[in-house]
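Input: a single structure, listed below in structure tokens.
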Amino acid sequence: MTFYDILYLFAIASIPLITLWIDGLRKKKYFELERKEKFRSVAIEKRLEAHQQALNHWNKLSSVIHSPDTDSIKRKTITDARDFWFNNSIYLEKNTRELFSKVIGLVSAYSLFHENLRDTPKGEEKNKLRKELSIIYETIISLENFIQIEVNLEPINTDYKELQLLLKEIKDS
Numbered sequence: 044m045t046f047y048d049i050l051y052l053f054a055i056a057s058i059p060l061i062t063l064w065i066d067g068l069r070k071k072k073y074f075e076l077e078r079k080e081k082f083r084s085v086a087i088e089k090r091l092e093a094h095q096q097a098l099n100h101w102n103k104l105s106s107v108i109h110s111p112d113t114d115s116i117k118r119k120t121i122t123d124a125r126d127f128w129f130n131n132s133i134y135l136e137k138n139t140r141e142l143f144s145k146v147i148g149l150v151s152a153y154s155l156f157h158e159n160l161r162d163t164p165k166g167e168e169k170n171k172l173r174k175e176l177s178i179i180y181e182t183i184i185s186l187e188n189f190i191q192i193e194v195n196l197e198p199i200n201t202d203y204k205e206l207q208l209l210l211k212e213i214k215d216s
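The sequence shown begins at 44 in the working numbering and counts up one residue at a time.
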């Protein structure tokens, strides 16, 4: 037997081992991808839930904007929103995360801004403060749109013609 014959036999004998090794790599890659997909799926659910909660906190914050700083409901609403943000900010989209944090501060200080406007005598300074207060208010209100835009859920049923036909059938029967 020559060296080449031995090499040939070794190569033939190695094919099943190489095949097993490649199959093992494929299975490992498959399980890694499957694990990542499960993690991504859970992360999407958690992120949607966090955005829904952010919308709920925004609603509560916007309802106490004009309350005095001494109002216990306003203080609790702000504290709850801050706690939510600290516990969930990583799940929020970038713009929502940044604006949510800013809105908490703006709602917290809104009464001070409003008092400052009220105590300022008429004139150019008062007009400037009124405009700033209006911008602050619009910033607070805009959070709702940021949340909804960044989540951007696809419609459940985009085939409206099919839906209309189905509704017509139900109505006719």
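C-beta: ideal position from N, C-alpha, C; glycine also. The structure presented is a predicted model; accordingly, all values stated were derived computationally and were not measured.
Could you spell out where the alpha helix (DSSP H) holding residue i opens and where it closes?
i	result
T139	K137 to D162
D123	S115 to N131
I184	E167 to V194
I believe residue i touches residue j by the beta-carbon criterion, under 8 Å. Please report the beta-carbon distance rounded to the nearest angstrom.
i	j	result
L176	L160	6 Å
V146	I183	5 Å
Using a Cβ distance threshold of 8 Å, determine whether the stretch 101 to 120 contacts the stretch 161 to 174, with at least three qualifying pairs required.
no
* Stretch-stretch touch, CB-based, cutoff 8 Å, three pairs: the stretch 87 to 100 with the stretch 70 to 77 -> no
Three-pair Cβ contact test at 8 Å for the stretch 146 to 165 versus the stretch 54 to 73: no
Contact between the stretch 132 to 148 and the stretch 182 to 194 is defined here as three or more beta-carbon pairs at a separation below 8 Å; is this criterion met?
yes
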